[in-house]
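In what follows, a structure is listed as structure tokens, so that the remarks can point back to it.
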Amino acid sequence: MDASLAEAAPVLMTWGLHERCGLRPEPSAPRAAPGVEVVLRFAGVLRISCQVVWTEETPERAGFGYGSMPGHPERGEAAFVLDALDDGRTRFTVRSFSRPGTFAARVGGPVARSLQGRATDRFVAVMRESFAL
């Protein structure tokens, strides 16, 4: 396993990335695994619930995907994946798809998309800063 991947994978798989990004995760288990539910709190007011739908942990790859649960402002999924590359580097990828899940998200569509984009940028920036990816 690539050194960066070996260091970053446990942080990713145990909600450390979310914590480093300013979220307060409250998972039903300490490690991401299919079926684990997590409530993500932000700024004391935002509370979003997700459920892990898949995980992968191999010497070349680590990651998971979760989907929104009822009450989440969006309906969709997000994936967080670390890949060991042939040149010895590690790549971190965040992919997501969603649509508004609440009236507020529908009305505030551009704001919701902006917040999602900022969150993705923050996830990537924190991984780069923390693990020189």
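When the letters of the sequence shown are read in order and numbered with our numbering, they come out as residues 89 to 221. Note that the Cβ used here is the ideal one computed from N, Cα and C, for glycine as well.
Give the straight-line distance between the Cα atoms of residue i and residue j, rounded to the nearest whole angstrom.
i: Phe185; j: Gly164; result: 5 Å
i: Asp209; j: Val124; result: 25 Å
i: Arg135; j: Val126; result: 10 Å
i: Leu173; j: Phe152; result: 18 Å
i: His160; j: Gly176; result: 38 Å
i: Ala167; j: Cys138; result: 12 Å
i: Pro147; j: Pro115; result: 25 Å
i: Ala213; j: Cys109; result: 9 Å
i: Ala131; j: Val182; result: 22 Å
i: Gln204; j: Pro158; result: 18 Å
Near residue i, which residues of its chain fall below 7 Å by C-beta distance, leaving aside the five closest residues on each side in sequence?
i: Pro118; result: Thr102
For a quick check, are the C-beta atoms of residue i and residue j less than 9 Å apart?
i: Ser93; j: Leu170; result: Looking at the sequence itself, residue 93 is Leu, so the reference to Ser does not match. Going by C-beta atoms, Leu93 is nearer than 9 Å to Leu170.
i: Phe211; j: Leu105; result: yes
i: Ala97; j: Ser218; result: no
i: Thr143; j: Pro113; result: no
i: Val141; j: Tyr154; result: yes
Exposed or buried, residue i, counting other C-beta atoms within 10 Å across all chains shown (16 or more means buried)?
i: Leu100; result: buried
i: Glu162; result: buried
i: Ser156; result: buried
i: Thr178; result: buried
i: Ala120; result: buried
i: Ala207; result: buried
Only counting the same chain, and skipping five residues up and downstream in sequence, which positions put a Cβ closer than 6 Å to that of residue i?
i: Arg149; result: Asp171
i: Glu145; result: none
Going along the chain, which residues of its own chain have a beta-carbon closer than 8 Å to the beta-carbon of residue i, five neighbours each way excluded?
i: Glu107; result: Pro113
Whole runs of the beta strand (DSSP E) within the segment 92 to 129, excluding any shorter than 3 residues: 112 to 115
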